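Number of protein chains: 2
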Amino acid sequence: MVYQATASAPVNIACIKYWGKRDTKLILPTNSSLSVTLSQDHLRSTTTSRADPSFSKDRLWLNGKEEEIVAPGRLATCIAELKKLRKELVEDKDASAPKLSTFPVHIASFNNFPTAAGLASSASGFAALVSSLAALYALPCSPSTLSLIARQGSGSACRSLFGGYVAWEQGVLDDGSDSLAVEVAPRSHWPEMHALICVVSDDKKGTSSTSGMQRTVQTSELLQHRIKHVVPKRMKEIEAAIKAKDFDAFAKVTMADSNQFHAVALDTEPPIFYMNDVSRSIIALIVEYNRVAIEKTGKRKAAYTYDAGPNAVIYTLQENVKEIVELIVKYFPQKDGFKDPFQLFAGGSVGEGRVVEGFNEAVAKKFEVGAVKGLIHTNVGDGPRVLGAEEALLGPDGLPKSLA
Amino acid sequence: MVYQATASAPVNIACIKYWGKRDTKLILPTNSSLSVTLSQDHLRSTTTSRADPSFSKDRLWLNGKEEEIVAPGRLATCIAELKKLRKELVEDKDASAPKLSTFPVHIASFNNFPTAAGLASSASGFAALVSSLAALYALPCSPSTLSLIARQGSGSACRSLFGGYVAWEQGVLDDGSDSLAVEVAPRSHWPEMHALICVVSDDKKGTSSTSGMQRTVQTSELLQHRIKHVVPKRMKEIEAAIKAKDFDAFAKVTMADSNQFHAVALDTEPPIFYMNDVSRSIIALIVEYNRVAIEKTGKRKAAYTYDAGPNAVIYTLQENVKEIVELIVKYFPQKDGFKDPFQLFAGGSVGEGRVVEGFNEAVAKKFEVGAVKGLIHTNVGDGPRVLGAEEALLGPDGLPKSLA
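For the protein sequence lines, the chains are A and B, in the order given. For the first sequence, my numbering assigns the number 1 to the initial residue and increments by one for each residue that follows. For the second sequence, my numbering assigns the number 1 to the initial residue and increments by one for each residue that follows.
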């Protein structure tokens, strides 16, 4: 009998940003956050877990490279928590259930997007890890319960336990048992939400978000105001915007919160910068694109947001993606052709790009090829998926197939 | 009889930043601010004013180009206020005093630094304007009283009415009569304070500070916290640091306030960016330079500060200027040689530059020639000077000499 399960999990990009921990071990945040889950058809982590009494110890391979599992590290914590749930919720209640909690596990995980893309892979990675072990252990747990464990691997991973629109409620309890992800709306509620990721070149290694956010907590004079007064109001505003499918309100709050996250990073000693001149030019383009849209229709058509790096994620409704791709390509010429998963340019290629009528082209200068080194077009997606045996990443010997 | 006076006034660079007006006509700020006056030996505005009944109207030439004086504009306001003081304080009290307040004036002003340098010339310009008219009118006014008028030309101009270390007290009265500059300490109290201005290339025209700060007042969720809670504390801290000549404390507050000013600009809708990748790399260099200094001595040796533009001003004590010039030149190679007004490199040239022992060179990449297009070395200076007739900018015909 082989005890094995494979699951995939999505990336999520926050609209209301998580920045600051009140407990660094349990990864309890200083404020609630909210994200859109992106489609696994384009960006995903896949993980296979196998429990076998013949294994000598727990082992994990990420993209074919073995990672050390050392207690009390994040990987070890997640695996231990899931084994504990297996024992309590399954084995203790059903004497006939195999004692998988006592078996060592082998875990292989793979991201279908390059780490070099600068997209946070820890969220999808820990969500896939938790989902595959939960499937292996047949845990009768809701995604919110699993999110409590994923959170301890990487804070934002808890939001990847759901598809659609997801809030991470900060919680108030010291043990973190109320700091979990909840679904605000499923993907099907507002499927027109699309995302264009602009992968921006970065000369230097930035500050890691783990160390950066703690420096902000310790030194920013503005962060506490953000936590206490701004975020609670914005969480309500964006939840209402999502429920009403009000893109204009969604965009306004999303951009304001991205700006404010980077503002408190800058208000840190020493200051933290994640955006560069390319990031800032993309903001200028979206601001001008929205100015034209507001002049014509009274409403915004796009929202930029930046995580702890220079990459832009531009949220927009499906109908606007084509003209945004053309806008970006005009200022950021691409070396490689645009991968066009939604067949926007079925009749041709993106070409030189262009701007919408009434656009002031002087708001940004044209950059050299490579300033934006790739464009990824995706949309709102579903939560973790349990996959069939044919998708397994571990071979018959319990070692990653990729190493075969 | 020719009624004419010439005065020069200095540039000042704020350590606690002015950002936001509570009254846009009177230029009353939302928070107090504090600056260091820089030496007129290197950067100054010079203005000659002449009153003559034969003139047809008030006229002003800036760097040889005539500017329109239109009420209720800033120039017209300042000139009218000074004429009013002439009448009230001189002519109404002494019947024999010539009625200069009834004569039109010709004013010629000249900045000895290029506008292209991106240094705010409005502060020194309005301070020189007010000083020359005050001299022409023989006004028995203190610099603080004159600062009330200069403030209405350009907010930060009020601080250029004093040398040394200058606070602009925001005031609380609606008529602005308590929103004035006061001397915190004269230049002679702490003459070791030097400044290195890094003139940074800028691709695009930024947001003007006049419109930018009002957008911040209207849209930033963080500005009110800064105004109410952060600045009052920092004003006390930096005044104490100046009085104690505690450079470490001075530097800590100066850098934090520069960061926070740019943070609230970023927290504006749409966001305002004044710093670019070059500005940010200079910050990284100073942070690393201070890290080494703190490791060796427990104290910071330099403080960066940025106004509403990409230029860096680095405050440091005299003894450290040479190694900071060498540091900047290493990462930002100069096309033209460093003008060395203090003879730091009397024995040779700056050359390729170098870093101090223990400096981690990987904190920034080396830029191309021209990223920093000039370095200006100056120090703390004195307040406005009344100059002799030989320095006059107006010719015998009452027109600018520069046009002859």
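The C-beta atom is built at its ideal place from N, Cα and C for all residues, glycine as well. Nothing here was measured: the structure is a model prediction, and the numbers come from that model.
Can you tell me whether DSSP reads residue i as helix, strand or coil?
i, result
"P29 of chain B", "strand"
"D23 of chain B", "strand"
"Q411 of chain B", "Examination of residue 411 of chain B is not possible in this model, given that chain B is present from 1 through 404 alone."
"G374 of chain A", "strand"
"C78 of chain B", "helix"
"I286 of chain A", "helix"
"L62 of chain B", "strand"
"N111 of chain A", "strand"
"P416 of chain B", "Nothing can be reported for residue 416 of chain B: it is not among the residues displayed for chain B, which extend from 1 to 404."
"R50 of chain A", "strand"
"I197 of chain A", "strand"
"P271 of chain B", "coil"
"P72 of chain B", "coil"
"R300 of chain B", "coil"
"Y331 of chain B", "helix"
"A364 of chain A", "coil"
"P400 of chain B", "strand"
"A97 of chain A", "coil"
"S42 of chain B", "The sequence shown places His at residue 42 of chain B, not Ser. Three-state result, H42 of chain B: coil."
"Q318 of chain B", "helix"
"V313 of chain B", "strand"
"N379 of chain B", "strand"
"P232 of chain B", "helix"
"N276 of chain A", "coil"
Between residue i and chain A, is there a C-beta pair that is closer than 8 Å?
i, result
"H262 of chain B", "yes"
"A167 of chain B", "no"
"L327 of chain B", "no"
"E237 of chain B", "no"
"D23 of chain B", "no"
"P455 of chain B", "In the structure as shown, chain B begins at 1 and stops at 404. Residue 455 of chain B is therefore absent and cannot be evaluated."
"L34 of chain B", "no"
"L38 of chain B", "no"
When we look at the beta-carbon of residue i and count the other beta-carbons within 10 Å, is it buried (16 or more) or exposed?
i, result
"N379 of chain A", "buried"
"G351 of chain B", "exposed"
"Q170 of chain A", "buried"
"F342 of chain B", "exposed"
"L173 of chain B", "exposed"
"E221 of chain A", "buried"
"M193 of chain A", "buried"
"V2 of chain A", "exposed"
"E295 of chain B", "exposed"
"T37 of chain B", "buried"
Does chain B have any CB closer than 8 Å to the CB of residue i?
i, result
"A256 of chain A", "yes"
"E368 of chain A", "no"
"P232 of chain A", "no"
"N259 of chain A", "yes"
"I282 of chain A", "no"
"L266 of chain A", "yes"
Would you say residue i lies against chain D (beta-carbon separation less than 8 Å)?
i, result
"P29 of chain B", "Note that chain D does not occur in the displayed structure, where the protein chains are A and B."
Can residue i be considered in contact with the ligand SAM, in the sense that its beta carbon sits closer than 7 Å to one or more heavy atoms?
i, result
"D248 of chain B", "Of the ligands one can find in the structure shown there are none, so the ligand SAM has no counterpart to examine."
**Asked** Any chance the segment 364-380 of chain B sits against the segment 173-183 of chain B, with 3 or more Cβ pairs inside 8 Å?
**Response** Taking 8 Å as the limit for Cβ pairs, the verdict is that the segment 173-183 of chain B does not touch the segment 364-380 of chain B.
**Message:** Taking beta-carbon pairs under 9 Å, can you tell me which members of the segment 207-228 of chain B lie near chain A?
**Reply:** Cβ contacts with chain A: T219, S220, E221, L222, Q224, H225 and R226.
**Message:** I'd like to know if the segment 200-214 of chain A and the segment 237-257 of chain A are in contact, where contact means that at least 3 CB-CB pairs between them fall below 8 Å.
**Reply:** Counting Cβ pairs under 8 Å, fewer than three are found: no touch.
**Item:** Residues from the segment 107-136 of chain B in contact with chain A, defined by Cβ distance under 8 Å
**Value:** Hits within the stretch: zero.
**Prompt:** Relative to chain A, which residues along the segment 268-294 of chain B have a C-beta separation below 7 Å, given in chain order?
**Reply:** Answer set for the segment 268-294 of chain B: E269, P270, P271, F273, N276, D277, R280, I283 and V287.
**Message:** Could you check whether the segment 6-20 of chain B touches the segment 353-364 of chain B, counting it as contact only if at least three pairs of C-beta atoms, one from each stretch, sit closer than 8 Å?
**Reply:** Contact between the segment 6-20 of chain B and the segment 353-364 of chain B is absent, because fewer than three Cβ pairs lie under 8 Å.
**Message:** Contact between the segment 306-317 of chain B and the segment 271-287 of chain B is defined here as three or more beta-carbon pairs at a separation below 8 Å; is this criterion met?
**Reply:** A contact exists between the segment 306-317 of chain B and the segment 271-287 of chain B.
**Message:** For the structure I just gave you, are there three or more beta carbon pairs, one from the segment 97-115 of chain B and one from the segment 55-73 of chain B, closer than 8 Å?
**Reply:** In short, these stretches touch, since the Cβ pair count reaches three.
**Request:** Mind the definition here: the segment 149-157 of chain A touches the segment 40-58 of chain A only if three or more C-beta pairs lie below 8 Å; say whether that holds.
**Result:** In short, these stretches do not touch, since the Cβ pair count stays below three.
**Asked** Are the segment 76-86 of chain A and the segment 30-44 of chain A touching, with three or more C-beta to C-beta distances below 8 Å?
**Response** No, the segment 76-86 of chain A does not touch the segment 30-44 of chain A.
**Request:** Mind the definition here: the segment 136-143 of chain B touches the segment 19-29 of chain B only if three or more C-beta pairs lie below 8 Å; say whether that holds.
**Result:** Cβ pair count under 8 Å is below three, so no.
**At least 3 beta-carbon pairs within less than 8 Å: the segment 274-282 of chain B vs the segment 233-246 of chain A** = No: the two stretches stay apart, fewer than three of their Cβ pairs being nearer than 8 Å.
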